[in-house]
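Visitor: Starting off with a structure, shown below.
Residue numbers (this note's numbering): 312 to 858.
Okay, here's the thing in structure tokens:
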């Protein structure tokens, strides 16, 4: 097979893998959205949602560490030698028995100090219970990584869909029947244990069906451990970058209030409102996770083969399409997000002023995430870690300067959003410079400028047509209003469905405007159409052959 045929096969594999995993991630995103945006309506108060959000964000740091680090390490070794998959599984399981269980135990032991740092002892039991999720994730990631390395994207996607469904159903059911935050965490634990058992059964059944027996391959345990630990370290830092601001908002709000009882309620309420804005702003990041899952084994193989030209092509194409996708979500959310929040979540609406800045910040983070993931795939996890350390330190410093001592309420949340933006700009700039020096490119300058301009135009349209520029909704801040939390918003909005319908229509209009500008500007053209056709060409050919 010649170079062109190989390139075509790689493009089709990557494209189909992207579509399959995008479908699964779309369901994962939808189910997560139901949780993120449904739970504020089910919990009794923003304080309960804030407590839930802080516990989930705390355990998610370790969850993402074990699942991303393990998945990428296993995927890399399996993609380099698929015949050694059983040997990789066996060695990874032994490593996780030491690493994963140690992380879970350490997290449970630190529940007390973490709660004290948050100035709220009610978190101790919740944090300890959530440690069981870390245990399940540690081993589940091994099997997902094997499927990813074998390029069995459909099977990987199916497990993602099943897990997302279980997690959403169990958590919502627990809260709906009145079990509160503790019930929600129990639901998460049960879902994680069930999906681990299913993944183990399904992967080994697949290997037997494919005739892949025990391998005589010798796995370099030191290399696997090094890659696993370095990737976990990077993932820990990455997740601290996207979560530390929430914890700092909780801590700084609590320490600004003298009464312990009032401090816990107010700080949890602020954390709940800010967490909702973060969940909205993170949508662009969620939208591009599928890109990282698919490009990882492709880029890993090209760098293993020392194919610089192929690697450079993967990098440029990936970053361009990432920015294109991120632009759609970020511009729509930044432009219409606040208009959706006000009627849907009046108790949280005072935090919506921070949403535009957060949307921009997380659009940059999505690019940073994909860029550093590619560095790991290229065998440079410590470079990715150093870039992420820089971003984390800048974020912490910015929060200490801007958030600590800020006025309780809207000003503190706005300052936190600004701190996040500063950190993301710095991190992405550093990543781009490294790629330019090491691989000769990051993203084509013309595409970067054109897409940035389109995003800015659509965002500006949305911002200057915000409903509160034309309608007086009153003071939405519970810290200033004498009518109670969200009472002004509810009385002024009148019909919730009317405003939600208008906000939804505005969001659709902004999305259409962005897509239209893509074609009008020439950013999307015949080459992109040809790529889509190549993705589906083999599937159609296979169907014809079958008949």
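Idealized CB from N, CA, C, for every residue including glycine. No experiment lies behind these values; they were computed from the predicted model shown.
How would you write the range of the alpha helix (DSSP H) that residue 391 sits in, first residue to last?
Guide: Here the alpha helix (DSSP H) through residue 391 covers 357-391.
Visitor: Are there three or more Cβ pairs, one per stretch, closer than 8 Å when the stretch 564-579 is compared with the stretch 725-742?
Guide: Contact between the stretch 564-579 and the stretch 725-742 is absent, because fewer than three Cβ pairs lie under 8 Å.
Visitor: Would you please state the rounded distance, in angstroms, between the beta carbons of residue 498 and residue 481? I believe it to be under 8 Å.
Guide: 3 Å
Visitor: Got a sec? Which residues, its chain only, sit under 6 Å from residue 715 by beta carbon, not counting five neighbours each side?
Guide: 563
Visitor: My understanding is that residue 859 touches residue 634, with C-beta atoms under 8 Å, so please give their C-beta distance in whole angstroms.
Guide: In the structure displayed, the chain extends from 312 to 858; residue 859 sits before or after that span and is not available.
Visitor: If contacts are defined as beta-carbon pairs under 8 Å, then residue 670 and residue 592 qualify, I think. What distance do you get, rounded to the angstrom?
Guide: 5 Å
Visitor: Helix, strand or coil, according to DSSP, for residue 755 in the structure here?
Guide: coil
Visitor: Starting from residue 813, follow the alpha helix (DSSP H) in both directions and report where the run begins and ends.
Guide: 807-831
Visitor: Can you find at least 3 beta carbon pairs, one from the stretch 404-419 and one from the stretch 360-374, that sit closer than 8 Å?
Guide: yes
Visitor: For residue 365 versus residue 565, is the C-beta spacing smaller than 8 Å?
Guide: The answer is no: Cβ separation not under 8 Å.
Visitor: Closer than 6 Å by C-beta to residue 571: which residues in its own chain qualify, once you throw out the five before and the five after it? Chain order, please.
Guide: The same chain holds no residue with a CB closer than 6 Å to that of residue 571 once the five nearest residues on each side in sequence are set aside.
Visitor: So residue 539 and residue 381 are in contact, right, with Cβ under 8 Å, and what is the actual spacing, rounded?
Guide: 6 Å
Visitor: For the stretch 456-472 against the stretch 433-448, do three or more pairs of beta-carbon atoms, one drawn from each stretch, fall closer than 8 Å, so that the two count as touching?
Guide: no
Visitor: Tell me, to the nearest whole angstrom, how far the beta carbon of residue 383 is from that of residue 456; I am working on the premise that it is less than 8 Å.
Guide: 7 Å
Visitor: When the distance is taken between beta carbons, is residue 458 closer than 8 Å to residue 399?
Guide: no
Visitor: Does the beta-carbon of residue 807 have 16 or more other beta-carbons within 10 angstroms, so that it is buried, or is it exposed?
Guide: exposed
Visitor: Would you mind sorting residue 712 into buried or exposed? The rule is 16 or more other CB atoms within 10 Å of its CB.
Guide: exposed
Visitor: Under the three-state reduction of DSSP, which class applies to residue 354: helix, strand or coil?
Guide: coil
Visitor: Once you ignore the five residues that flank residue 737 on each side, which residues in its own chain have a CB closer than 8 Å to its CB?
Guide: 701, 702, 705
Visitor: Work out the CA separation of residue 707 and residue 555 for me, nearest whole Å.
Guide: Each residue's alpha carbon lies about 8 Å from the other.
Visitor: Relative to the C-alpha of residue 437, which residue among 422, 451, 677, 632 is closest?
Guide: 422
Visitor: In angstroms with no decimal places, state the Cα-to-Cα distance between residue 746 and residue 753.
Guide: Going from the Cα of residue 746 to the Cα of residue 753 covers about 6 Å.
Visitor: Would you decide whether residue 432 is buried or exposed? Buried here means 16 or more other CB atoms lie within 10 Å of its CB.
Guide: exposed
Visitor: Count the other C-beta atoms from every protein chain shown that fall within 10 angstroms of the C-beta of residue 757, then say buried if there are 16 or more, exposed otherwise.
Guide: exposed
Visitor: Using 8 Å as the threshold, is the C-beta distance between residue 377 and residue 403 below it?
Guide: no
Visitor: Give the DSSP-derived three-state secondary structure of residue 488 in the structure shown.
Guide: coil
Visitor: Once DSSP output is grouped into helix, strand and coil, what is the label at residue 776?
Guide: coil
Visitor: In the DSSP assignment, the alpha helix (DSSP H) including residue 571 goes from what residue to what residue?
Guide: 571-592
Visitor: Taking the straight line between their C-alpha atoms, what separation do you get for residue 630 and residue 636?
Guide: 10 Å
Visitor: With a threshold of 7 Å on Cβ separation, who are the neighbours of residue 687 within its own chain once the five nearest residues in sequence on each side are excluded?
Guide: 383, 542, 545, 695
Visitor: For the candidate residues 759, 776, 389, whose alpha-carbon lies nearest to that of residue 462?
Guide: 389
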